[in-house]
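Participant: Residue numbers (the working numbering): 647 to 795. Cβ coordinates follow ideal geometry from the N, Cα and C atoms, glycine included. Please read these numbers as outputs of a predicted model, since none were measured by experiment.
(1) Does the pairing of the stretch 729-742 with the stretch 700-713 give three or more beta-carbon distances under 8 Å?
(2) Compare the C-alpha of residue 659 against each of 699, 671, 686 and 669 and name the closest.
(3) I need the DSSP call for residue 648, collapsed to helix, strand or coil.
(4) Hey, residue 651 and residue 668: beta-carbon distance below 9 Å or not?
(5) Between the C-alpha atoms of residue 654 and residue 708, what's the straight-line distance to the nearest angstrom?
(6) Under 8 Å by Cβ, that's how I've got residue 661 and residue 695 pegged, so tell me the actual separation to the nearest angstrom.
(7) State the Cα-Cα distance for the pair residue 721 and residue 683, rounded to the nearest angstrom.
(8) Buried or exposed, going by whether 16 or more other CB atoms sit within 10 Å of the CB of residue 754?
(9) If the criterion is Cβ atoms closer than 9 Å, does the pair residue 691 and residue 657 meet it?
(10) How long is the line joining the alpha carbons of residue 769 and residue 745, rounded to whole angstroms?
(11) How big is the Cα-Cα spacing for residue 796 and residue 739?
What follows is the structure in structure tokens.
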């Protein structure tokens, strides 16, 4: 039996006993003036015991509410912690993906720069060949044809 139920049982008994005594006193007291003091005393004791019982019940109720709220908050904290762990994992995955993508972009940029350089070299060669072509034609006309012995 919990402490709450034990204390409650004692308080309930006290209230019940005082209630019975109060009813008996109201009926049995022949002299109203002498019994009035006793009756008032019994009523005060009854009200006091009843108030203690109500306070005890209220404290127990509030303790239960506090405990329930504590459990709810602990559960919420646990769920938030799990979500944080999941979010960290996702962030690490995104960060890793970003790192891979950055390396790929750098590689592609290097390849693009190389292709641009090669294109520039080709354009320079074409330009050089374009300038040299008339010279080669003239040289070919000036030189006798090459024959193999």
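Facilitator: On the basis of the supplied data:
(1) no
(2) One-based indexing of the chain shown puts residue 659 at position 13. The shortest C-alpha separation from residue 659 is found at 699.
(3) Here residue 648 refers to the residue found at position 2 when the chain shown is read from its first residue. Looking at residue 648 - three-state DSSP - the assignment turns out to be coil, as it is neither helix nor strand.
(4) In the chain shown, the residue the question calls residue 651 occupies position 5. In the chain shown, the residue the question calls residue 668 occupies position 22. No, they are not a contact pair.
(5) On the chain shown, position 8 is the one that residue 654 refers to. On the chain shown, position 62 is the one that residue 708 refers to. For residue 654 and residue 708, the distance between alpha carbons rounds to 15 Å.
(6) Walking along the chain shown from the start, residue 661 turns up at place 15. Walking along the chain shown from the start, residue 695 turns up at place 49. About 5 Å; that satisfies the 8 Å criterion.
(7) Your numbering for residue 721 matches position 75 in the chain shown. Your numbering for residue 683 matches position 37 in the chain shown. Going by the C-alpha atoms only, they are around 57 Å apart.
(8) Residue numbering aside, residue 754 sits at position 108 when the chain shown is read from its first letter. Answer is exposed; the Cβ neighbour count stays below 16.
(9) For this step, residue 691 is matched to residue 45 along the chain shown. For this step, residue 657 is matched to residue 11 along the chain shown. In this structure, residue 657 does not lie closer than 9 Å to residue 691 by Cβ.
(10) Walking along the chain shown from the start, residue 769 turns up at place 123. Walking along the chain shown from the start, residue 745 turns up at place 99. When rounded, the distance between both Cα atoms is 36 Å.
(11) This structure cannot settle anything about residue 796, because the visible part of the chain is limited to 647 through 795.
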